[in-house]
Structures are given as structure tokens and as C-alpha cells.
Amino acid sequence: MIQILSWNIQNGKGVDGEISLTRIVEQIRAMGDPQIICLQEVSRGLPLIEGQPAPDQVLELSDLLPGFECVFGAAIDAAGTHGRWQFGNLILSRLPVESQATHILPRPGDRDRKQMTRQATEVVVRDGAFRWRVITAHLEFHSAAQRLAQVQRLRQLHEEAREEELMPPITSGEGPYQSIPRPTDVIICGDFNMLAGSDEYRTLVDPNKNAATDLADAWTLLHPEEDYLPTCGVHDREQWAEGPHCRDFFFVSGQARAGLKRIVVNTTTDASDHQPLMIELEADRDTK
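Residue -10 is where the sequence shown starts when you use the numbering used here, and the numbers rise one by one after that.
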């Protein structure tokens, strides 16, 4: 059994205004024993508290979570008045990371809207003789047009892996042309800044030709008749005047879909403006 947790941690800023990565890690551990942790809104060199040095949150989280390999994907990497800074997504894994990739997501023009560069971080991890592909993303908030383009790119990343499975490339030993697996047993998670049933949501989960490798919403697979538990707006009503709602998801395919056992949302913690959510899954290893 494998546990994968996803959480937009807002740089560790809780509803009380305090920034504490220690509190974030305590809440993660309280949910279980995840082998893979996917975090959005993690920064390096970004001033967060006036008068204090800009922290390296990747290093801090690595120290707080010994035994995990850290893979950071910067959506923004820029020079500022306090030096170079980065902002993006972080995957921490206790399972061996066989490969990693960063995907800058599309940002088509959308006049007179606040916007920032968005990114998806990807790892392929080994679980015994089995491999999982895990992608975490933080999509655009203000621009629906950009968010739709970003969802289309996430869908395309999965489609490319399906095509490679059907049409294997020529590979050679070590080096750039060696075989680097991209499993279709995939988990895509994060803060999607979309609601279930929206155009963006339907774009991601609309059926294709092969139902076994379509992406499916983990919540609706397990709780098809139940409302989503809220992942945002539960405790922070200043940023989220609409109140509790769900904008953070897990989407699964292949063995991640077939082996999905459980999804949980911690609605009690106020260590961020979002709530952490976690899935449990198990591969049918006889099929590989």
C-alpha cells in the first residue's frame, strides 16, 4: 500500500498569519505515513517576513523530513531586490526516484488579468518492481483561459505516455537516448483552481478511446454519490469569501485507478488556506 499526499501550503502560512513549516510537517505526519508528498506554493529566497532573511523552504522541508528525496520545480526563477528567488512545487519521496521532469505550463495572453507562470513537477518512482508516475501542479487562478490551456497540457502529458507505450521508441544503452520509462500508471494532483464540472475539469477527465487509461477523479471513483469534502475556504474566509469548496484534486489512471483504495481530506487543520488530501493505492503486480 502506498500513500500520496497533496497540499498547497501557502509558503507555510497558516490562517493565523504565522509561517511554520514545522507545523506543516506535523499535520502531514498526523494524516498517516505518506511515501510521497506533493506540495504547492513552496519558495526559495522569497522574503516572507519583514526584517528576516528569505528562507530556503526546500532545504527546511528536507531537514524536517529526513529520508525523503526532494524534487523541486520552479515555476518562477527570477532576480529580485533581495537576490534570486524561486517559487513552485515540491515532491518529496521515500521511494527511489528514477527520473524527474519540470513542465512550464502554457500561459496564453489574457489582457488585464493578474497572472503568473505555472508549472508541473513530475517524478517516476520505483515501488519494488513497479513504477508510478506522479505529477503535481498549481494552475492559474485569475485567468480561466490560461487554466484551460494548462489542463490541456496536463492531459497531453498523459496522452504522450500512452502513445509511447503503443509506439515504443528506439533506445540505446546509457546516455540521452537511453530508455526512461513514462508509465501510464499515473497520479496527477495539486491545486487546480477549478471546480468539479467546470470546462477545465471536464477537459481533464473526458473519456478517450481506452477507458482503462483515461484519467479519473479519485473522489468520484470512491464516493460517486457524495459531495466533495472542501479543500479550501474552510478556515480562511478573508481570501475565500465563497466559503468551503473543493479546488484540489487527485486524478488517476492505469493501476493508480484500478488500485485506488481510499481518499481522505483533513478539514480541521488551519496551517494553510488549503486543506491537505491523501490517497491510498495498491498495484496489482501480477498484471505487470
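Every residue gets a Cβ at the ideal spot worked out from N, C-alpha and C, and that includes glycine.
Note that the coordinates shown come from a computational prediction; the quantities given were computed from them, not determined experimentally.
Which first and last residues belong to the alpha helix (DSSP H) in which M183 is found? Looking at the DSSP string, M183 is not in any alpha helix (DSSP H), and its letter there is neither H nor E.
Please list, in chain order, all residues of the same chain as R144 whose beta carbon is under 8 Å from its beta carbon, the five residues on each side excluded. Only T192, L193, L204 meet the Cβ criterion.
Using CA coordinates, which residue listed in Q(-8), S(-5), D5 is at the minimum distance from A260? The residue among Q(-8), S(-5), D5 with its C-alpha nearest the C-alpha of A260 is D5.
Please state if the CB of N182 and the CB of L128 are separated by a distance shorter than 8 Å. With respect to the 8 Å criterion, L128 and N182 are classified as neighbours on the basis of their beta carbons.
Start and end residues, beta strand (DSSP E) containing M20: Per DSSP, M20 belongs to no beta strand (DSSP E); it is in the alpha helix (DSSP H), 10 to 20.
Use the C-beta contact count for M267: other C-beta atoms within 10 angstroms, 16 or more gives buried, fewer gives exposed. By the C-beta density criterion, M267 is buried, having at least 16 other C-beta atoms within 10 angstroms.
Quick check on the DSSP output: the alpha helix (DSSP H) that includes W208 runs from which residue to which? Per DSSP, the unbroken alpha helix (DSSP H) holding W208 starts and ends at 207 to 211.
On the three-state DSSP scale, how would you describe N78? Strand.
Taking only runs that begin and end inside the region 109 to 175, name each unbroken alpha helix (DSSP H) of 4 or more residues, in chain order. Scanning the region 109 to 175 from its first residue to its last, the whole alpha helix (DSSP H) runs of 4-plus residues come out as 133 to 155.
Is it a yes or a no for the region 167 to 179 touching the region 240 to 254, going by three-plus beta-carbon pairs under 8 Å? The way I'd put it, the region 167 to 179 does touch the region 240 to 254; three or more beta-carbon pairs between them come closer than 8 Å.
Tell me the rounded alpha-carbon separation between I8 and A90. Spanning the two alpha carbons is a distance of roughly 29 Å.
I need the DSSP call for D195, collapsed to helix, strand or coil. Coil, per DSSP.
Could you check whether Q29 and T106 sit closer than 8 Å to each other, using their CB atoms as the reference points? Cβ atoms of T106 and Q29: not closer than 8 Å.
Range covered by the alpha helix (DSSP H) that runs through L48: Element bounds for L48: 46 to 53.
Where P213 falls, given that 16 or more other Cβ within 10 Å makes a residue buried: Counting of Cβ neighbours within 10 angstroms places P213 among the exposed residues, the total staying below 16.
At the level of alpha carbons, what is the spacing between G222 and D66? Rounded to the nearest angstrom, the two C-alpha atoms are 29 Å apart.
Can you find at least 3 beta carbon pairs, one from the region 29 to 40 and one from the region 92 to 99, that sit closer than 8 Å? Touching, no.
In three-state DSSP terms, what is E189? If DSSP states are grouped into helix, strand and coil, E189 belongs with the helices.
Inter-residue CB distance, R122 and P172 (contact presumed, cutoff 8 Å): That pair is a contact at about 5 Å.
One question on the structure: do F61 and S82 come within less than 8 Å of each other, judged by their Cβ atoms? It is not a contact, given that the beta carbons lie outside the stated cut-off.
For the alpha helix (DSSP H) that A90 lies in, which residues bound it at each end? Looking at the DSSP string, A90 is not in any alpha helix (DSSP H); the run it does join, the beta strand (DSSP E), is 86 to 93.
By DSSP, does Q228 sit in helix, in strand, or in coil? Q228: coil per DSSP, three-state reduction.
Once the 5 residues before and after E154 are set aside, which same chain residues still bring their CB inside 7 Å of it? Same-chain partners within the cutoff: T173.
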